[in-house]
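Q:
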Amino acid sequence: LNWLFKMQAVDGRVYHKLSTLKFGDFIPPEKESAKRYFSNWGSAATADFAAVMAQAARIFRPIDEPFADRCLAAAEKSYAFLEKHPEDHRPEQSAFTTGGYDAPDTDDRLWAAAELWKTTGLAKYLQDVEKQLQARGRRPRPWSPPRLPFPTAREDFSNRPCSSSPRGSECRATACRRSRRPGRSRG
Numbered sequence: 006l007n008w009l010f011k012m013q014a015v016d017g018r019v020y021h022k023l024s025t026l027k028f029g030d031f032i033p034p035e036k037e038s039a040k041r042y043f044s045n046w047g048s049a050a051t052a053d054f055a056a057v058m059a060q061a062a063r064i065f066r067p068i069d070e071p072f073a074d075r076c077l078a079a080a081e082k083s084y085a086f087l088e089k090h091p092e093d094h095r096p097e098q099s100a101f102t103t104g105g106y107d108a109p110d111t112d113d114r115l116w117a118a119a120e121l122w123k124t125t126g127l128a129k130y131l132q133d134v135e136k137q138l139q140a141r142g143r144r145p146r147p148w149s150p151p152r153l154p155f156p157t158a159r160e161d162f163s164n165r166p167c168s169s170s171p172r173g174s175e176c177r178a179t180a181c182r183r184s185r186r187p188g189r190s191r192g
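Numbering (the working numbering), first residue to last: 6 to 192.
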């Protein structure tokens, strides 16, 4: 995340990538000596940055409040930039032969709004989520949060099969939430 902060410009836009101009040899990144360049900014990269930083703010809040505040401020700054620039802005990458890795930004903007809403609880982000879902022909129910088309950080996956142990056996992975829930059956 500390490196990712460096990809954000002062006004909130986010550079699409940092790369050599052409693919290098198959060597460890620390041995790469070719000069690297920032590409132009992109709205998808800016939205992805906002979503990641909003998630990070939520996750780090209990353990490092100043860092969580920094993440949230960065997320909100990039989101504010996107609000002022609603067009799908693709980065100009003609100098690079390392792959474009860009796509339309609609799902990225939805993700950013959803993560900021989940992190802050602010109605403006929920309204953006609902507006974007409705633009896709999905209508959220007014009595519950909209069902998002993707999982978000720390989402409860308790009804999904555990991939860390054979079906029917006790999950022993320390990171698995099932291992901390006595009496839960494998579903």
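Here a beta-carbon is modelled for each residue, glycine too, at the ideal position from N, C-alpha and C.
No experiment lies behind these values; they were computed from the predicted model shown.
Counting only the same chain and skipping the five closest in sequence on each side, list residues whose C-beta sits under 8 angstroms from that of A85.
A: As a first step, residue 85 must be located in the sequence shown, where it is residue number 80. Closer than 8 angstroms at Cβ, skipping near neighbours: G17.
Q: Tell me, please, whether the stretch 112–131 touches the stretch 50–57 by the rule of three or more beta-carbon pairs shorter than 8 angstroms.
A: yes
Q: Please go through the same chain and pick out, in chain order, the residues whose beta-carbon is closer than 8 angstroms to the beta-carbon of L127, but skip the five residues on each side of it.
A: Position 122 of the sequence shown, counted from the first residue, corresponds to residue 127. Closer than 8 angstroms at the Cβ level, and outside the excluded window around L127, lie L121.
Q: Closest to T51 by C-alpha separation, out of S38, F72, D69, L9, would be which residue?
A: The sequence position of residue 51 within the sequence shown is 46, counting from 1. Of the candidates S38, F72, D69, L9, the one whose C-alpha sits nearest the C-alpha of T51 is L9.
Q: For the alpha helix (DSSP H) that R75 lies in, which residues bound it at each end?
A: In the sequence shown, the residue the question calls residue 75 occupies position 70. If you look at R75, you'll find it in the alpha helix (DSSP H) that goes 70–89.
Q: According to DSSP, Y20 sits in a beta bridge with which residue or residues?
A: Position 15 of the sequence shown, counted from the first residue, corresponds to residue 20. Paired residues: W46.
Q: What are the start and end residues of the alpha helix (DSSP H) that includes A14?
A: Looking up residue 14 in the sequence shown gives position 9. Note, A14: premise wrong, no alpha helix (DSSP H); not H, not E.
Q: Can you give me the C-alpha to C-alpha distance between Q132 and R66, rounded to a whole angstrom?
A: Numbered from its first residue, the sequence shown carries residue 132 at position 127. Numbered from its first residue, the sequence shown carries residue 66 at position 61. So the two alpha carbons sit approximately 24 angstroms from each other.
Q: If you measure from the beta carbon of G29 to each beta carbon in chain D, is any gap under 8 angstroms?
A: Within the model displayed, chain D is absent; a lone protein chain is all it includes.
Q: Within a Cβ cutoff of 7 angstroms, which residues of the same chain sit near D110, ignoring the five residues on either side of it in sequence?
A: Walking along the sequence shown from the start, residue 110 turns up at place 105. Closer than 7 angstroms at Cβ, skipping near neighbours: S48, A49, A52, D93.
Q: Answer yes or no: do L6 and A73 have a C-beta to C-beta separation smaller than 8 angstroms?
A: Residue numbering aside, residue 6 sits at position 1 when the sequence shown is read from its first letter. Residue numbering aside, residue 73 sits at position 68 when the sequence shown is read from its first letter. No; because the gap between Cβ atoms is not below 8 angstroms, this pair is not in contact.
Q: Among the candidates K89, A140, C76, R75, whose CA atom is the shortest distance from the CA of D112?
A: Start at 1 with the first residue of the sequence shown, and residue 112 comes out as number 107. Comparing Cα positions, the closest option is A140.
Q: Comparing alpha-carbon positions, which option in E35, I32, K27, T124 lies nearest R63?
A: By one-based count along the sequence shown, residue 63 stands at place 58. Comparing Cα-Cα distances from R63 to each of E35, I32, K27, T124, the minimum goes to T124.
Q: Determine whether the beta carbon atoms of Q13 and A79 lie at a separation below 8 angstroms.
A: Here residue 13 refers to the residue found at position 8 of the sequence shown. Here residue 79 refers to the residue found at position 74 of the sequence shown. Their beta carbons are under 8 angstroms apart, which means Q13 touches A79 by this criterion.
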